[in-house]
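Working notes, beginning with the structure itself.
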Amino acid sequence: MKIFYSKVLLTLVISLASISASFAQTLLTGFMQGKKGGYVTFSGNHEHYSSAFYYPEKIDEIPVFREISVNTFNILGTYGFTDRFEMLVNIPFVQTVGSPDAGVLEGLGYTNQQDGAQDISVYGKYQFAKVGKVAFQGAAGFSTPLSKYYIEPNFQSLLSIGNRATTYNGVLLGHFKDERGFFITGQVGYSFRTTAVPDAVLSELKIGISRPRFYLSGQVGNQTSTSGTDILRPGFTGSFVETRVNYTKVGGTIYTPLDGNFGLSIGGGGIVGGRNVGQSYYGMAGLTYNFLYHPLVK
33 MKIFYSKVLL TLVISLASIS ASFAQTLLTG FMQGKKGGYV TFSGNHEHYS SAFYYPEKID
93 EIPVFREISV NTFNILGTYG FTDRFEMLVN IPFVQTVGSP DAGVLEGLGY TNQQDGAQDI
153 SVYGKYQFAK VGKVAFQGAA GFSTPLSKYY IEPNFQSLLS IGNRATTYNG VLLGHFKDER
213 GFFITGQVGY SFRTTAVPDA VLSELKIGIS RPRFYLSGQV GNQTSTSGTD ILRPGFTGSF
273 VETRVNYTKV GGTIYTPLDG NFGLSIGGGG IVGGRNVGQS YYGMAGLTYN FLYHPLVK
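Put into structure tokens, the structure is as follows:
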């Protein structure tokens, strides 16, 4: 009877692949793929919100559109060039849809849907030290728009699929894993954004277990902008890309292999607090193809 080598499960980064127009993440995990290791993941993500954390208080209905849904199809791939260095590429295709009252959009001249390729992201990650069961890694990457999606300087931009900024990110990671498969990964980074989009500090803590037949993890992530205005507050000019976007997001993921090359994952979560961001909830499912086959015979 075949069992599956635990490294197959370590390829999972699908819980970080849930990209949407409302928040961004670094896409990184503490696991290394190893030389010639890697995978491609195809995932679908549905996000929905009808309330938002505006400043200084929460609002119970999204202006103009009432409710917003974000559907994302994501292609994520990584490859290990050595045991210590790997690269990651991510491409999301995003659709946003509102739920306005009848006739509202006609007078404003707004559209109720936008879609297209969002921002390609490319990262390189290097493991520079390991002390006992703890590995230390550094990563650098960038993202830039793939299509000419537009952002209007009004509430139409609430349906924009991105902010049309190029970002440059630097991240430090610490990753603990013991012989039982229990792991803890912490990361902190800084995101430099072009145009008028404020820079931000990014952080995440993930705790989980990786065993031969399953992977289970939960995480909490945070973004804190270093500048920016608040929507409909003094200093706001109508440009939503200039706003201060803070959030705290929680989520979880379950993954299981189908055989030594393929695996399935499901996950979900939401934004539980923030500033100038929707109180969204999401669900996702993904299919992963691993480049290397890792069977063991019991």
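Just add 32 to wherever you are in the sequence shown, counting from 1, and you've got the numbering used here.
Backbone N, C-alpha and C define an ideal beta-carbon position, used for all residues, glycine too.
Do you know whose CA, among the options, lies nearest residue i's CA?
{"i": "L319", "options": "S297, L178, F224 and I303", "result": "S297"}
{"i": "P266", "options": "S83, P88 and H80", "result": "P88"}
{"i": "L108", "options": "D115, P124, F117 and P95", "result": "P124"}
{"i": "T227", "options": "G69, T176 and Q219", "result": "T176"}
{"i": "V252", "options": "G295, I241 and G302", "result": "G302"}
{"i": "D133", "options": "L190, V96 and Y314", "result": "V96"}
{"i": "S179", "options": "A149, S189, K157 and Y155", "result": "A149"}
{"i": "G295", "options": "G66, M64 and S75", "result": "S75"}
{"i": "R307", "options": "L264, L290 and S242", "result": "L264"}
{"i": "S235", "options": "S223, S242 and V126", "result": "S223"}
{"i": "S189", "options": "G141, K67, G300 and N278", "result": "G141"}
Assign residue i to one of three DSSP states: helix, strand, or coil.
{"i": "G135", "result": "coil"}
{"i": "S175", "result": "strand"}
{"i": "F63", "result": "coil"}
{"i": "Q188", "result": "helix"}
{"i": "G194", "result": "coil"}
{"i": "P289", "result": "strand"}
{"i": "T227", "result": "coil"}
{"i": "Q311", "result": "coil"}
{"i": "L328", "result": "Bear in mind that the predicted position of L328 carries a pLDDT of just 38, short of 50, making it unreliable; the figure below should be weighed with that in mind. Strand, per DSSP."}
To the nearest angstrom, how far is the alpha carbon of residue i from that of residue j?
{"i": "T280", "j": "Y325", "result": "37 angstroms"}
{"i": "Q169", "j": "F208", "result": "11 angstroms"}
{"i": "V203", "j": "M316", "result": "25 angstroms"}
{"i": "P185", "j": "S271", "result": "5 angstroms"}
{"i": "F85", "j": "A161", "result": "40 angstroms"}
{"i": "D210", "j": "N293", "result": "24 angstroms"}
{"i": "A53", "j": "K90", "result": "Here the model assigns A53 a pLDDT of 37, short of 50, so the residue's position is not dependable, and the following value carries that caveat. Answer to the nearest angstrom: the Cα atoms are 19 angstroms apart."}
{"i": "S82", "j": "F187", "result": "15 angstroms"}
Are the beta-carbon atoms belonging to residue i and residue j less than 8 angstroms from one another?
{"i": "S192", "j": "Q255", "result": "no"}
{"i": "E99", "j": "G130", "result": "yes"}
{"i": "T275", "j": "T258", "result": "no"}
{"i": "L60", "j": "A167", "result": "no"}
{"i": "G221", "j": "N201", "result": "yes"}
{"i": "I286", "j": "L248", "result": "yes"}
{"i": "I183", "j": "V309", "result": "no"}
{"i": "G112", "j": "G69", "result": "yes"}
{"i": "I417", "j": "G250", "result": "An answer regarding residue 417 cannot be provided, because it is not within the stretch 33 to 330 covered by the chain."}
{"i": "T110", "j": "Y71", "result": "yes"}
{"i": "T104", "j": "N77", "result": "yes"}
Is the shortest distance between the beta-carbon of residue i and the beta-carbons of chain C less than 8 angstroms?
{"i": "M64", "result": "Judged by its chain identifiers, the structure shown contains no chain C, having just a single protein chain."}
Segments of 4+ residues assigned as alpha helix (DSSP H) that fall wholly inside the stretch 235-279: none
Which runs of the alpha helix (DSSP H) at least 4 residues long sit entirely within the stretch 79-159? Give them in chain order. 136-140
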